[in-house]
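Enquirer: Oh and the sequence shown: position 37 is 36 in numbering that gives the first Met the number 0, straight run, nothing missing. Cβ atoms here follow ideal geometry from the backbone N, Cα and C, with glycine treated the same way. Can you keep this structure in mind? I'll have questions shortly.
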Amino acid sequence: MIAIEQARLEPRSLRLPLLIRLEPAGSRVEISNDTLGYSTKCSFTYGILMTLSRQDYRTLIRTQRNQLTQEEQKRSAESLATHFLTLPEIKQAQDIALYLPADGEIDTSIIIDQLRHLNKNIYLPVIHPFSSGHLLFLRYDLTTAMVHNRYHIPEPKLEKDKIIPVAQLDIICTPLVAFDKHGHRLGMGGGYYDRTLEPWFHYQSGPKPIGLAHACQEVEQLPVEAWDVPLPKIITAKQIWDWE
Numbered sequence: 000m001i002a003i004e005q006a007r008l009e010p011r012s013l014r015l016p017l018l019i020r021l022e023p024a025g026s027r028v029e030i031s032n033d034t035l036g037y038s039t040k041c042s043f044t045y046g047i048l049m050t051l052s053r054q055d056y057r058t059l060i061r062t063q064r065n066q067l068t069q070e071e072q073k074r075s076a077e078s079l080a081t082h083f084l085t086l087p088e089i090k091q092a093q094d095i096a097l098y099l100p101a102d103g104e105i106d107t108s109i110i111i112d113q114l115r116h117l118n119k120n121i122y123l124p125v126i127h128p129f130s131s132g133h134l135l136f137l138r139y140d141l142t143t144a145m146v147h148n149r150y151h152i153p154e155p156k157l158e159k160d161k162i163i164p165v166a167q168l169d170i171i172c173t174p175l176v177a178f179d180k181h182g183h184r185l186g187m188g189g190g191y192y193d194r195t196l197e198p199w200f201h202y203q204s205g206p207k208p209i210g211l212a213h214a215c216q217e218v219e220q221l222p223v224e225a226w227d228v229p230l231p232k233i234i235t236a237k238q239i240w241d242w243e
């Protein structure tokens, strides 16, 4: 098993202040997996990558994680799940939102299975059918009927009695394309999680966000926009990044 290192980093109050201004609702960016001419290994030269645009980062990091082998994906998912379950906030939480992986994202099925054995309530995001650019969260269990959303990602079939208000969740585990040493998160460009996490960012109210990622999704410094919500904690198979 990979030995974990926990990084205690500068608290959120010491980061550059951000004023939330969200991207246009539902403007998730669709890009190809073509490379940019850079090496697609998980180790790379940060000095080169710091000159890239947000779109360049999306292309490059998505390509890298899609080139991980099935065995690498499996080992990473197992190690991340072990670290995830040691977190005090996970032990204390009852209602936890996760996501199903797509496009090379780290596999969450091990975490979901283990949380079920601990009798935790699990929820998955569903694209809001009426409020553009927003998410709902629905209860997810072994009998949940699933459909594919507009991005071809499986999500629970919308049933009103399965919806939980976001404020009642304890934890939201967020997918991401890339992250940096300041806790900034780069998503796919739709702003869904930035909108969901806005109350937590401004008022520390609502569910705590935790990012899940492969180690090779780390970059030195991301270009940051005003609408981005930095995360207090990100977990990879190798390390817990903690900015609290």
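With a threshold of 7 Å between beta-carbons, can serine 108 be considered close to chain D, or not?
Expert: The chain labelled as chain D is not found in the depicted structure, where only one protein chain is given.
Enquirer: Does serine 31 pass the burial test, meaning 16 or more other C-beta atoms within 10 Å, or should it be called exposed?
Expert: Bear in mind that a pLDDT of 34 at serine 31, under 50, signals an unreliable position, so the model cannot answer this.
Enquirer: In this structure, does DSSP put proline 164 in helix, strand or coil?
Expert: It is coil, neither helix nor strand.
Enquirer: Hey, leucine 168 and proline 206: beta-carbon distance below 7 Å or not?
Expert: Cβ distance < 7 Å, so leucine 168 and proline 206 count as in contact.
Enquirer: In its own chain, which residues sit with a C-beta less than 7 Å from the C-beta of arginine 20, not counting the 5 before and 5 after it?
Expert: Model confidence at arginine 20 stands at a pLDDT of 36, short of 50, so the residue's coordinates are unreliable; what they give is reported in the following sentence. Result list for arginine 20: Ala225, Trp226, in chain order.
Enquirer: Check this for me: beta carbons of alanine 214 and leucine 79, under 7 Å apart or not?
Expert: No. Outside cutoff.
Enquirer: To the nearest angstrom, how far is the alpha carbon of tyrosine 191 from that of glycine 103?
Expert: Roughly 19 Å between the two C-alpha positions.
Enquirer: Does DSSP put tyrosine 191 in a helix, in a strand, or in coil?
Expert: Correct three-state label for tyrosine 191: helix.
Enquirer: Terminal residues of the continuous beta strand (DSSP E) containing proline 208?
Expert: Per DSSP, proline 208 belongs to the beta strand (DSSP E) from 207-211.
Enquirer: Examine the Cβ distances between the region 177-185 and the region 150-160 and report whether three or more of them are shorter than 8 Å.
Expert: Judged by Cβ distances under 8 Å, the region 177-185 makes no contact with the region 150-160, as fewer than three pairs qualify.
Enquirer: Give the single residue among Gln66, Pro208, Phe136 whose Cα lies nearest to the Cα of lysine 156.
Expert: Looking at the Cα atoms, Phe136 is the closest of the given residues.
Enquirer: Going straight from the alpha carbon of valine 223 to that of lysine 232, what length do you get?
Expert: Taking the straight line joining both Cα atoms gives about 17 Å.
Enquirer: Could you check where the alpha helix (DSSP H) with leucine 87 kicks off and where it finishes?
Expert: Leucine is not the amino acid found at residue 87; the sequence shown has proline there. 87-91 is the span of the alpha helix (DSSP H), which, as asked, contains proline 87.
Enquirer: Helix or strand or just coil, what does DSSP make of threonine 62?
Expert: Here threonine 62 sits in helix by DSSP.
Enquirer: Taking the alpha-carbon of proline 100 as reference, which of Gln93, Ala76, Thr85 has the nearest alpha-carbon?
Expert: Checking every option, the nearest Cα to that of proline 100 belongs to Ala76.
Enquirer: Using DSSP's beta-bridge definition, name the partner residues of cysteine 172.
Expert: In the DSSP output, where bridge partners are listed per residue, cysteine 172 has Ile209.
Enquirer: What are the residues that DSSP puts in a beta bridge with asparagine 120?
Expert: DSSP output for asparagine 120 lists Asp94 as bridge partner(s).
Enquirer: So is proline 23 buried or exposed if we call it buried at 16+ other beta carbons inside 10 Å?
Expert: Low confidence applies to proline 23: its pLDDT is 43, below 50, so where it sits in the model is not reliable enough to give any reading.
Enquirer: Under 7 Å between the Cβ atoms of glycine 210 and arginine 194?
Expert: Their beta carbons are not under 7 Å apart, which means glycine 210 does not touch arginine 194 by this criterion.
Enquirer: Does DSSP put leucine 99 in a helix, in a strand, or in coil?
Expert: Note: leucine 99 maps to coil in three-state DSSP.
Enquirer: Span of the alpha helix (DSSP H) holding phenylalanine 129?
Expert: No alpha helix (DSSP H) holds phenylalanine 129; DSSP gives it neither H nor E.
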